[in-house]
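*Asks:*
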Amino acid sequence: MSYTSPVAEFRFLLDHVLAYAKLAQTETFAEADAETTDAILTELGRLCDDVMAPVNRAGDLTPAVLENGVVRTSPGFKDAYQAIAEGGWLGISADPEFGGMGLPQVLNTAMNEMMSGACLALQLCPLLSQGQIEALEHHASDELKALYLPKLTSGAWTGTMNLTEPQAGSDVGALTTKATENGDGSYAVTGQKIFITWGDHDVAENVCHLVLARLPDGAPGTRGISLFMVPKFLPDEGGNPGERNDLRVVSLEHKLGIHGSPTCVMSFEGAKGWLVGKENGGMAAMFTMMNNARLGVGAQGIGVAEAAYQHALAYAQERVQGKTPLGKGAIIDHADVRRMLATMKAEIFAVRAIALACGLSMDMAKAGNDPHWKARAALLTPIAKAHGTDIGCEVSSMGVQIHGGMGFIEETGAAQFFRDARITPIYEGTNGIQAMDLVGRKMMDGGEAAFRLLQEVEDCAENARTQLAELANPVWDAAETLREATEWLVAQDASTRNAGAVPYLRAFARVLGAHYHLKAAIADPQGARARLAKVFIDRILPEHSSLLVQARAGAEQLYALSPEDLESA
Ligand SMILES: Cc1cc2nc3c(=O)[nH]c(=O)nc-3n(C[C@H](O)[C@H](O)[C@H](O)COP(=O)(O)OP(=O)(O)OC[C@H]3O[C@@H](n4cnc5c(N)ncnc54)[C@H](O)[C@@H]3O)c2cc1C
């Protein structure tokens, strides 16, 4: 399917909205200067548009299949994956010591978005490898790092993440997969994992599974979980794929979307594995991978939204229907279609800025070891994941709507974006769990990180009041309302917070989105950026106040409605 990577949009955001240039002034990211950044984004854009996007439809129409215990991927996927690997893109943010480029996470986020817009089903493969690389960099022994990191970074081997079991989904602590010591430094891992993305394939020579399992003396719940590296082929003395390990794909799932991504039921049958991190320290190690993947999944939602928008815009420019207020013309001139397109574009801009700001905060934290940036990144991660993926679904749904009846017909391709996007609010921690993380763990500082960010939003609006009053005043007011709601929230018990978590997260995203639109308008006060900001601030931002009413509503009326009431009402 046709897709054009929004390279110029990334450049605008990095240069005019996010103060990206600060990164190149740090020792850690000195190489991320304007020239390198341009070259990276342009090259990635070419790969996504010319190599990945053309296989997107084939992945949907010809899903991966399990043949004689081996997964065969969709037509064209192997070549496209090889192009990703040969470009060195698996290691864009990986440690140069093991072959990575060491570039900032914010560029990685842009890459993940572009790749997802081009072909989400294929992008999942490099996304999981990236997360595994980061987990190993932080938690693996030197021996494991030396063996696995160069292979994963080059793309010769790929990574997976094995948490979910039939009885252990959101409740990871309920897992029953076991690990016992073999006596030679390795462990035998036994159990069944479900929904394992890219759990097997034919695009690379080895599949490295990071598996959560419990040692015999592991405590119940998440405290007693350890993490193991369990490769499909055991590395031989030369570090090449050797003997086959005792694990297999039981079946592949038939899914609503991302058909080209093999989702595997995996059986580990005394498979040989090696501990990553400390015994019973599995959740901490896996969290490194999950945090990376959460921002990556947020970027997935944004990427699919962008692709759906481009598709819908092209259709709206061509489809002629009825008389529009501007005379006889294409449907883009009907007010309601214009509303949908404007909403899509404004939503994508806002959430893209949030995701990039999250990546940038991770980079600033890494470069300066600054706790404030670390707290900022932690605060923004659940917002980027949940809101990015919600917008992916909403925008791709609007994309179907703009196509009218043709949107419901598979051949136009609009439906694929809608179906593909639907998984993103579910995996990598459902969006409900993300929102609970925001109002729970991320507010354990009494809301300090949130208040610090809101202060920046208010200061920016304050400074823009004279030049752009119509835009700046509502942003300042909204930030103040959110501040008050946050003060209220941090004083509540867990149940009250959780009942309002999802609307609170969305309200936060509304305020941040308006803030970034205002910054864009400041950079382009007479131009299209300011006009788009007006759409967001006039039509979308006001939602924050009703969301905050819901956020403050508490849990009482929800639990007053009994399960029986839900049946009969
Ligand atoms: C296509 C696909 C790919 C996947 N890839 C992987 C993978 O590579 N590796 C892997 O390990 N897993 C993977 N998963 C699993 C995925 O992460 C889980 O499906 C997800 O975490 C939700 O778990 P669950 O399906 O058991 O739903 P449940 O946990 O049963 O949740 C059902 C509903 O209850 C809500 N809920 C559950 N607990 C709570 C709570 N405490 N508070 C409030 N609400 C709650 C949820 O938000 C959700 O709405 C994949 C799933 C799919 C469908």
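Using numbering that gives the first Met the number 0, the letters of the sequence shown map in sequence onto residues 0 to 568. No residue lacks a Cβ here, since even glycine has one placed at the ideal position from N, Cα and C.
#1: Can you give, in chain order, each stretch of the beta strand (DSSP E) that sits fully within the stretch 161-232 and has at least 3 residues?
#2: Is there at least one non-hydrogen atom of ligand 1 closer than 7 angstroms to the beta-carbon of methionine 442?
#3: Which same chain residues, not among the five before or five after valine 275, have their C-beta less than 6 angstroms away from its C-beta?
#4: Suppose contacts are defined by Cβ-Cβ distances below 8 angstroms. Is methionine 363 in contact with aspartate 369 by that definition?
#5: What first and last residue would you give for the beta strand (DSSP E) that runs through arginine 351?
#6: Suppose you measure from the CA of alanine 552 to the CA of alanine 434; what does that come to, to the nearest Å?
#7: Relative to the alpha-carbon of phenylalanine 9, which residue among Ala29, Ile39, Met0 has its alpha-carbon at the smallest distance?
#8: Locate the beta strand (DSSP E) running through proline 240, then write down its first and last residues.
#9: I'd like to know whether the C-beta atoms of alanine 120 and serine 260 end up nearer to each other than 8 angstroms.
#10: Taking 7 angstroms as the cut-off, is the C-beta of threonine 175 nearer than that to any heavy atom in ligand 1?
#11: Where do the ends of the alpha helix (DSSP H) carrying serine 396 lie?
#12: Give the secondary structure of arginine 293 by DSSP, where H, G and I count as helix, E and B as strand, and everything else as coil.
#13: Any heavy atom of ligand 1 closer than 7 angstroms to the CB of phenylalanine 227?
#14: Is glycine 326 helix, strand or coil when you go by DSSP?
#15: How close, in whole Å, do the beta carbons of cysteine 584 and alanine 341 come, if the pair is a contact with beta carbons under 8 angstroms?
#16: Give the DSSP-derived three-state secondary structure of alanine 93 in the structure shown.
#17: Name the DSSP bridge partner or partners of lysine 271?
#18: Using 8 angstroms as the threshold, is the C-beta distance between leucine 571 and alanine 449 below it?
#19: Indicate, with yes or no, if ligand 1 has a heavy atom lying under 7 angstroms from the CB of leucine 121.
#20: Might you give, ordered along the chain, the residues of its own chain that have their beta carbon closer than 6 angstroms to the beta carbon of glycine 237, omitting 5 neighbours on each side?
#21: Kindly list the residues whose CB is nearer than 8 angstroms to the CB of glutamine 243, restricted to its own chain and excluding five residues on each side of it in sequence; keep chain order.
#22: Tell me the rounded alpha-carbon separation between alanine 292 and glycine 326.
#23: Is lysine 231 near ligand 1, in the sense that its beta carbon is under 7 angstroms from a heavy atom of that ligand?
#24: What's the C-alpha gap between alanine 306 and leucine 65?
#25: Whose CA, out of Glu164, Pro524, Leu531, lies closest to the CA of glycine 172?
#26: Decide if isoleucine 91 is buried, meaning its Cβ has at least 16 other Cβ atoms within 10 Å, or exposed.
#27: Buried or exposed: which applies to alanine 527, given that a residue is buried once 16 or more other Cβ atoms fall within 10 Å of its Cβ?
#28: Please state whether DSSP places arginine 71 in a helix, a strand or coil.
#29: State the Cα-Cα distance for the pair aspartate 245 and valine 264, rounded to the nearest angstrom.
#30: Relative to ligand 1, is the shortest distance from any of its heavy atoms to the C-beta of glycine 439 smaller than 7 angstroms?
#31: Sort out for me which residues DSSP pairs valine 264 with in a bridge.
#32: Over what stretch of residues does the alpha helix (DSSP H) that includes leucine 127 continue unbroken?
#33: Between the Cα of phenylalanine 416 and the Cα atoms of Phe97, Leu162, Met443, Gly116, which residue gives the shortest distance?
#34: Looking at the unbroken alpha helix (DSSP H) that takes in glutamate 486, where does it start and where does it end?
*Replies:* So, to answer that:
#1: 177-180, 186-196, 205-213, 224-230
#2: Locating residue 442 in the sequence shown gives position 443, where the first residue counts as 1. Every heavy atom of ligand 1 is 7 angstroms or more from the Cβ of methionine 442, so no.
#3: Translated into the one-based positions of the sequence shown, residue 275 becomes position 276. Excluding sequence neighbours, valine 275 sits near His138, Ala139, Leu226, Met228, Ala284.
#4: Looking up residue 363 in the sequence shown gives position 364. Looking up residue 369 in the sequence shown gives position 370. Cβ distance < 8 angstroms, so methionine 363 and aspartate 369 count as in contact.
#5: Counting from 1 along the sequence shown, the entry for residue 351 is found at position 352. Arginine 351 -> not in any beta strand (DSSP E); alpha helix (DSSP H) instead, spanning 334-367.
#6: As a working note, residue 552 is residue 553 in the sequence shown. As a working note, residue 434 is residue 435 in the sequence shown. Cα to Cα, the separation comes out at about 16 angstroms.
#7: Mapped onto the sequence shown, residue 9 falls at position 10. Considering only alpha carbons, the answer is Ile39.
#8: Numbered from its first residue, the sequence shown carries residue 240 at position 241. Note, proline 240: beta strand (DSSP E), 240-243.
#9: On the sequence shown, residue 120 is found 121 positions in, with the first residue counted as 1. On the sequence shown, residue 260 is found 261 positions in, with the first residue counted as 1. Result yes, Cβ atoms of alanine 120 and serine 260 sit closer than 8 angstroms.
#10: Against the sequence shown, residue 175 aligns to sequence position 176. Result no, Cβ not under 7 angstroms from ligand 1.
#11: By 1-based counting over the sequence shown, the position of residue 396 is 397. First-last of the alpha helix (DSSP H) with serine 396: 370-401.
#12: Start at 1 with the first residue of the sequence shown, and residue 293 comes out as number 294. Of the three classes helix, strand and coil, the one that applies to arginine 293 here is helix, per DSSP.
#13: Along the sequence shown, read from residue 1 onward, the residue named residue 227 stands at position 228. For ligand 1, not one heavy atom lies less than 7 angstroms from the Cβ of phenylalanine 227.
#14: Looking up residue 326 in the sequence shown gives position 327. Residue state, collapsed to three classes: strand.
#15: Here the chain comprises residues numbered 0 to 568, so residue 584 is not present and cannot be evaluated.
#16: Here residue 93 refers to the residue found at position 94 when the sequence shown is read from its first residue. Alanine 93 falls in the coil class under three-state DSSP.
#17: Stepping through the sequence shown from its first residue, residue 271 is reached at position 272. BP columns for lysine 271 point to Ala187.
#18: Nothing about residue 571 can be read from this structure; the chain reaches only from 0 to 568.
#19: Position 122 of the sequence shown, counted from the start, is the residue given in the question as residue 121. Not under cutoff, so the answer is no.
#20: As a position in the sequence shown, residue 237 is number 238, starting the count at 1. Within the same chain, glycine 237 has no close Cβ partners at all.
#21: Mapped onto the sequence shown, residue 243 falls at position 244. Note that residue 243 corresponds to arginine in the displayed sequence, not to glutamine. Taken in chain order, the residues that qualify are Lys231, Phe232, Leu233.
#22: The residue given as residue 292 occupies position 293 in the sequence shown. The residue given as residue 326 occupies position 327 in the sequence shown. Going by the C-alpha atoms only, they are around 48 angstroms apart.
#23: To locate residue 231, count along the sequence shown from 1; it is residue 232. For ligand 1, not one heavy atom lies less than 7 angstroms from the Cβ of lysine 231.
#24: What you label residue 306 is simply residue 307 of the sequence shown in a count that begins at 1. What you label residue 65 is simply residue 66 of the sequence shown in a count that begins at 1. Roughly 29 angstroms between the two C-alpha positions.
#25: The residue labelled residue 172 in the question sits at position 173 within the sequence shown. Closest option to glycine 172, Cα to Cα, is Glu164.
#26: Taking the first residue of the sequence shown as position 1, residue 91 is located at position 92. Buried, since its Cβ has 16 or more Cβ neighbours within 10 Å.
#27: Working through the sequence shown from its first residue, we reach residue 527 at position 528. Exposed: under 16 other Cβ atoms inside 10 Å.
#28: In the sequence shown, residue 71 corresponds to position 72, counting from 1. If DSSP states are grouped into helix, strand and coil, arginine 71 belongs with the strands.
#29: The residue given as residue 245 occupies position 246 in the sequence shown. The residue given as residue 264 occupies position 265 in the sequence shown. If you take the alpha carbons of aspartate 245 and valine 264, they lie about 14 angstroms apart.
#30: Residue mapping note: residue 439 aligns to position 440 of the sequence shown, counting from 1. No.
#31: Position 265 of the sequence shown holds residue 264. Paired residue(s): Ser250.
#32: As a working note, residue 127 is residue 128 in the sequence shown. Its alpha helix (DSSP H) spans residues 104-138.
#33: As a working mapping, residue 416 is identified with position 417 in the sequence shown. Of the listed residues, the one whose Cα sits closest to phenylalanine 416 is Gly116.
#34: Looking up residue 486 in the sequence shown gives position 487. It spans 468-489 - the alpha helix (DSSP H) in which glutamate 486 sits, taken as one unbroken run.
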